[in-house]
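Data block below; observations after.
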Amino acid sequence: KGCIRTLWVADIDPERTSCGPAELPGESNCTYFKFFTSGENAVIFKKTTNRNLNLAAAVLALLSLTMMVMGSICIAMSLSKGVLFFLKPASFCFILSGVLVLLSVL
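Under my numbering, think of the first position of the sequence shown as 2, with each following residue one higher.
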């Protein structure tokens, strides 16, 4: 169970020795917290993602989806025709699909 406490900027005393609602020991350096400072000398942390990796993950996910559809078609053909030959390609399609999903997640 977690508790969240919201403090507004107006509620925080500007003469405090700490940078936030927590009283932590040690030297305080409020330049890293843009929310609690004026922002003049604040360091902004910007998280960026690599576009090439996102595109590769999307392509792998689409290939995985295609392999799932092909495996489903093989199983449907196997059940409708009564030929067990289509189960081997279906299993290959589903195994390859799972590997592609794992690669796209990593």
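All C-beta atoms, glycine included, are put in the ideal place defined by N, C-alpha and C.
Bear in mind that the values here come from a model prediction, so they are computed numbers and not experimental data.
- A straight-line Cα-Cα distance of about 26 Å links residue 106 and residue 76.
- Contiguous beta strand (DSSP E) elements confined to the region 52–107 do not occur, taking only those with 3 or more residues.
- By the CB criterion at 8 Å, residue 98 and residue 65 fall inside the cutoff.
- Excluding the 5 residues flanking it on each side, residue 70 has no same chain C-beta neighbour closer than 8 Å.
- In this model, residue 58 and residue 87 are separated by some 29 Å (Cα to Cα).
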